[in-house]
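**Q** Below you'll find the structure I mean.
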Amino acid sequence: MVTAIRRSSFLAVLLASVCCRMVVAEKRSFFGCYERDRFARIAMTTDSLDECVNNCEESFHRYAVLSDTRCSCTNTIRTRVVEDRECGLVCGKQPEMSCGGVNAQSLYETGIEVAGPVRNLRLENSSKQEATITIRWDLPAEDGAQVEQFQIIAEATRTHASYRIHPLRWSLPNTTSTFELSNLTPGTDYNVTVVSLSPKGEGGRASILGSTEIGIPDPEPEEPIILRRLGSTILIKIPRATNNNGPVSYYRVVVHYVNGELIQQIDESQLNTFQKSKENRVPYYIAAELEMKDDDSLHFTVGDGREYRSYFNPPITVRAHVHISIGVVSVRNHVVKVRYATTTHEQHQYPDHQHVNLKTVEIERNETLITILTVACILFGIVLTAAIILYIYLRYKTPSANPRPFADHHELTLQGPILEVENNGFMPDIYEQRGFEAELRDIIDGLEQSKHHPRKYLSLNINHILGSGKYGDVLAGSLQQGQDQDIPAHVHVVTDDMESVDQIAFLNEFRRLTALEEHANVILFLGVCVTPDWCYLLFEQMQTTLKQTLLNARVPNNVNSAKFSTISEEIVVNILCLVCDGMQFLADNNLMSKKLCARTVYVNTKFEVKVSAFGPPLYAEGTEKCIDIARWHAPEVIKFQNHSVKGDVWSFGLLIWECCCLGATPFGSTTTDNLFAAIRAGQKPERPAFMFEDLYQLCLNCWDLDASDRPNFIELRNYLRQTLPMLRYLLSFERKQTCPRIFQRPVVRAIVFPMELVNPSNPQLLVELVNGYRVLLQQQITQHLKRHRDHLVRMRHRFTQKLARRLARNYELYRQKRRQLESHLYTTIPKRLVPVQIKPYSRRWWKCVANGKEHFNQELFRMDYERFQLLCERLNDELAAENITHHWIPLSIETKVAIALYVLGTGADYRKAGDEFEVPMSTVHKCLLTFCNAVLYVFLEEEELIYLPVDEHADELEDVVEEFELLANIPRSMGVLDCMHIPIVPPEDDPQCYINSNGWSSVILQVAVDSNGCFMDVSQHSGSTNDETVLFESALYETMERQQFPTAMLNDKPLIPFLLADSGYPLLPWLMTPYQGPHLLPAQRSFNVYMARARTIASKAFERLTGRWKLLQDTVHLDISIVPTAIMTCCLLHNFLEIEKAPYLDQWNECPIEAEVAPEQPVWLCPILDEEGEEMRNHLSAYMEDNFPVVIDDI
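Read the sequence shown against the numbering used here and you will find it ends at 1990, with the numbers running on by one and no gaps.
Right, dumping it as structure tokens:
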């Protein structure tokens, strides 16, 4: 009893002392000794009391907690008080002060009695306007001092206005977390500060930089001054303009043809280039776009026929009434605002300010020039008169030296043959107006940005000319991509001295080339490099030509080899098939090769084949002689230059012959001049002995004189691919090979024994001879049987194909007949005879799907029509096997998929989905369950859309690491690990298991995301589980822990591939987390910034997942037993649509209803730090500090 009384009195005294200390908060005053809080977050490590107190004061905490060298900060005390003697440890730098004890901690006052700053101050980028900036923040910590109100201060840091901008202030309630700053100046950068005000005074500050969008230029620009008009040109003076709402980027010169005295106002929506205005019959157009340097004005000649920033300045119509207007163009952050000057008749003034009427005024007289021209005309007349007099005198006074009879005068006789010249040089009006350079510039400007390469990244070997043609020369070069990657390239230098016809042909071919997509068998167009003097077209450079490969494959006769070629017949035929693929791709895109031969087909050591689609043939190897490509041209091309796809088929037939002859030149004994006559006479390349009849017949089909009878490339490719299993009957490179005969009797050679060997006294030799001839006979019979068996196999294969085609045709006829009979039965049999009532489904669904692509509602099914049809094809086998309805017309595959996608995409319950498709709720449930099981089976088990690059997929690990490293700028990183809580309806059984730390029921979805935003691993847990437990209980942890990853050396230290995560996860060798604590080194802060930027990949993936599938964004209304299946289905569909590049609509991220906003995600901090992982993180941070830019703050 006495002990209890003493204890209560002690507590009363202690409480009184605590209250007294709370009244006066003095900095560095000892508050008391308390039990050690082992869960407190360590702010820093120090043995100085002042450093710890200052650190807590900077972070606006009331108390500084010291336990030995561990310093932490807090606003509330979570442990109980102990005796002061428990805090017996002294501070290292201040021995007179107590720094806690073994199981105790010392608390000191920081003197802070005001509220801390707001957290996570950020801008709302979507609401950026001319005069407003919207900011959002999180409220300060609740355990700190009370906030009475917030004060917003906006100070202009950079502006284009000519007047002074005063700071603006606003006061807001303490519960506000978002605010729109209004009445701001357009085109101005502001420093926005949020100050926390508490009863004891001003608290913490948080600042952020923001800017307003530029506005319409103000004031209106002055109209130009017309200085002089000479014929079709007008000289104007443009005064410098001012703009208070943004920068003055350009000055636009607008020409306006005025009809009479009435001035028509300019409609900016109709204002365009000269050519577009002419087509739209608009009397005004933009003639130029100019930049003004530091001068106060700019002189410009309107109508000089030049181009200024892609605007053509055509000559002005003589003596037309024209007004010139000036527009001020303001450009900033891809926002363009324009304002034009108002024009009046007062602009027609000369420097003497006298008004001039353009209808009656004469051209300004230049007296000096008139005098000079008059004197010149008089002198020319005098000289001309003297010349005429001299001629008359010499004509009649001088006798003829060698008179000729009249019969020898044939001045009108034609001295040469009459040549009919075909005029193919017609150029359209637009080409005459704009010219070759302007058209070429338009084509280049239409290319993607990745196709434009600066000159500094292009290396040329001007001494190595690979080829030359009518469009220019081809040089050897290399294109630098990345830091140390040089790509060899063929550089086509566009010549500037082409004829007009060649220029038009070049533009047409180049325009079609830029529209081509990439193809595996066509030379890749890398892009262009444009300089003020030259234009370079860059193409992929392969290792060698097919011609050189064939020549190198020849085996000399003196070499003992079974074949005379090092390349097999299969490779040759496969090369021809790949050439067919490339030529068919060109034909589909309305392009012709015009030069197909072995020198314009390129191969590498892996026998990857690519066809050249542009430019001249290259020179022969080792020489600088042009190739006579006319040998490969069709006769209609040689005679009439009529290029077509059938002409390329002729060239392909010669290419087949060229490949079979290992690089021989076709028509080698015929000159080019006599080639057309020889072809018309029936001359063809002869069939070599090793090229059999079937393949040579294919060449003859290509060489048909009637182009319409030649096969196309699809037929050629199909034939060559079908003959791959039977190459021995088409082509053979074996020495002394003869054409095999399919039907022939075995040749049995007569065995003739020499009489001197047939001796009964030598039976052993006779037996050996008989055995030898028996073996020879058996070999011949075996060869004959093998040939006969191969022939039977081919015949059976042909019969099988023919039978399959016939069965398919008969089956299609059977299906048509069956549908006709069913429709006839439905119309003839009375409905009262049907034993079961058939309930037809709603036609609303078929209005949007069955009627075609234009009626498809992408908003309902979260994908476009093409991906919807592809998904139905993938799931057809699984969904077609089960009928989920009873006494109903069976649902089609499209209807099942549509119902499931509607539930997943819109988050609608079964009742709403049933009303939409007019089916029972049970049918909706069965459709959803069947669809989810089908997706899991097809995409997870068969196609494996979700997998880590380990075990059987380990060969993809380096590619995954390389792609993610390029995106995140963190070496050896392979992805991001993150998790999110999906709200659910709590189950009746054990609901506490699903309640998270924020108090609402959820299921945790943990994913590993790669650089493409696809999921590599997915795991699910109940909402009460923290992040570290989610990781340790997942299959990902077991897989990563047992893997032996390949290492890469960074600064002579090995580093394995790893994942990135936030502070809620533990630090492991294969899992990197950011540094924690307020006092970090610059390298550590920079490392955290790179980590934060990389983790946005996972945030975007979650955003697209929940935005596309609204079921995961709102509270999941499904039963808890099928929630994991539905979540995994959404993840698989996410990967499927991301891989297929399905479009994603921005409005899917919007939440128009406040109730639909997802609750705040719980936050968890994990204190687990692995020593090996910490060592790897420190090494990685030091390496990134040396090799990457140090970024302290993430803007």
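Each residue gets a CB set at the ideal place from its N, CA and C atoms; glycine is no exception.
Since the model is a prediction, treat every value here as computed from it, not as a measurement.
In this structure, what does DSSP give as the bridge partners for residue 986?
**A** Beta-bridge pairing links residue 986 to 950 and 1004.
**Q** The beta strand (DSSP E) with residue 1661 in it runs from where to where?
**A** Premise fails: residue 1661 lies in the alpha helix (DSSP H), 1660-1669, not in any beta strand (DSSP E).
**Q** Is the beta carbon of residue 1853 less than 8 Å from the beta carbon of residue 1870?
**A** Cβ distance not < 8 Å, so residue 1853 and residue 1870 don't count as in contact.
**Q** Between 1334, 1865, 1309 and 913, which lies nearest to residue 1272 when the distance is taken from Cα to Cα?
**A** Ranking the options by Cα distance to residue 1272, first place goes to 1334.
**Q** Tell me the rounded alpha-carbon separation between residue 1028 and residue 1094.
**A** Computed Cα separation, rounded: 13 Å.
**Q** Output the distance between the C-alpha atoms of residue 1815 and residue 1329, rounded to the nearest integer angstrom.
**A** Looking at the two C-alpha atoms, the distance is approximately 60 Å.
**Q** To the nearest angstrom, how far is the alpha carbon of residue 1294 from that of residue 1264?
**A** Using only the alpha carbons, I get a separation of about 13 Å.
**Q** Taking 8 Å as the threshold (C-beta atoms), are residue 912 and residue 999 in contact?
**A** Their beta carbons are under 8 Å apart, which means residue 999 touches residue 912 by this criterion.
**Q** Are at least three pairs of beta-carbons, each pair with one atom in the segment 1724-1738 and one in the segment 1917-1925, less than 8 Å apart?
**A** Yes, the segment 1724-1738 is in contact with the segment 1917-1925.
**Q** Tell me the rounded alpha-carbon separation between residue 1280 and residue 1602.
**A** Computed Cα separation, rounded: 56 Å.
**Q** Residues in the same chain with beta-carbon distance under 8 Å from residue 1033, minus the five sequence neighbours each way, listed in chain order, please.
**A** Same-chain partners within the cutoff: 1019, 1046, 1048, 1085, 1087, 1092, 1093, 1094, 1095 and 1121.
**Q** Here's the rule I'm using: 16 or more other beta-carbon atoms within 10 Å means buried, otherwise exposed. How should residue 901 be labelled?
**A** Buried, by the Cβ-count rule.
**Q** Straight-line CA distance for residue 1068 to residue 1098?
**A** Each residue's alpha carbon lies about 14 Å from the other.
**Q** Grouping DSSP H, G and I as helix and E and B as strand, with all else coil, what is residue 1942?
**A** Note: residue 1942 maps to helix in three-state DSSP.
**Q** Using the Cα positions of residue 823 and residue 893, report the straight-line distance between them to the nearest angstrom.
**A** Straight-line Cα distance between these residues: approximately 11 Å.
**Q** Could you give the DSSP three-state label for residue 1172: helix, strand or coil?
**A** Helix at residue 1172.
**Q** Buried or exposed for residue 961, going by 16 or more other Cβ atoms inside 10 Å?
**A** The residue in question, residue 961, is exposed, as its Cβ has fewer than 16 Cβ neighbours within 10 Å.
**Q** Give the DSSP bridge partners of residue 1814, in chain order.
**A** BP columns for residue 1814 point to 1801.
**Q** Looking only at its chain, what residues have a beta carbon closer than 6 Å to the beta carbon of residue 843, apart from the 5 residues adjacent to it on each side?
**A** Once the five neighbours on either side are set aside, the close Cβ partners of residue 843 are 888.
**Q** Using three-state DSSP, classify residue 1032 as helix, strand or coil.
**A** Of the three classes helix, strand and coil, the one that applies to residue 1032 here is strand, per DSSP.
**Q** Beta-carbon within less than 6 Å of residue 1840's beta-carbon, same chain only, minus the 5 sequence neighbours each way: which residues are those?
**A** Only 1851 and 1852 meet the Cβ criterion.
**Q** Secondary structure at residue 965, three-state DSSP: helix, strand or coil?
**A** If DSSP states are grouped into helix, strand and coil, residue 965 belongs with the strands.
**Q** Can you tell me whether DSSP reads residue 1430 as helix, strand or coil?
**A** Residue state, collapsed to three classes: helix.
**Q** I'd like the list of long-range same chain contacts for residue 958, defined as Cβ closer than 8 Å, with 5 residues on each side in sequence excluded.
**A** Within the same chain, residue 958 has close Cβ partners 1039.
**Q** Who are the near neighbours of residue 1511 in its chain, counting only those whose CB is closer than 6 Å to its CB and skipping five residues on each side?
**A** Cβ neighbours of residue 1511 beyond the five flanking positions: 1375.
**Q** Spatial neighbours of residue 1130 within its chain, please: CB distance less than 8 Å, with the 5 preceding and 5 following residues excluded, ordered by chain position.
**A** Cβ neighbours of residue 1130 beyond the five flanking positions: 1008 and 1009.
**Q** What three-state label does DSSP hand residue 1777 in the structure shown?
**A** Three-state result, residue 1777: strand.
**Q** For residue 1894, write down the residues that DSSP places opposite it in a beta bridge.
**A** In DSSP, residue 1894 forms no bridge with anything.
**Q** Output the boundary residues of the alpha helix (DSSP H) element that contains residue 1512.
**A** Where residue 1512 is concerned, the enclosing alpha helix (DSSP H) stretches over 1508-1517.
**Q** Identify the continuous alpha helix (DSSP H) that holds residue 1760 and give its terminal residues.
**A** Its alpha helix (DSSP H) spans residues 1752-1763.
**Q** Starting from residue 1491, trace the beta strand (DSSP E) in both directions and tell me its first and last residue.
**A** Where residue 1491 is concerned, there is no enclosing beta strand (DSSP E), although the alpha helix (DSSP H) it sits in stretches over 1488-1497.
**Q** Could you check whether residue 870 and residue 982 sit closer than 8 Å to each other, using their CB atoms as the reference points?
**A** No, the Cβ-Cβ distance between residue 982 and residue 870 is not below 8 Å.
**Q** Which whole-angstrom value describes the C-beta separation of residue 1709 and residue 1904, a residue pair presumed to lie in contact below a C-beta threshold of 8 Å?
**A** Going by Cβ atoms, the distance from residue 1709 to residue 1904 rounds to 20 Å, so no, they are not a contact pair.
**Q** To the nearest angstrom, report how far apart residue 905 and residue 854 are at their CA atoms.
**A** Spanning the two alpha carbons is a distance of roughly 10 Å.
**Q** Let me know if residue 1818 comes out buried or exposed under the rule of 16 or more other beta-carbons within 10 Å of its beta-carbon.
**A** With 16 or more Cβ atoms within 10 Å of its Cβ, residue 1818 is classed as buried.
**Q** Cβ atoms of residue 872 and residue 829: under 8 Å apart, would you say?
**A** Yes; because the gap between Cβ atoms is below 8 Å, this pair is in contact.
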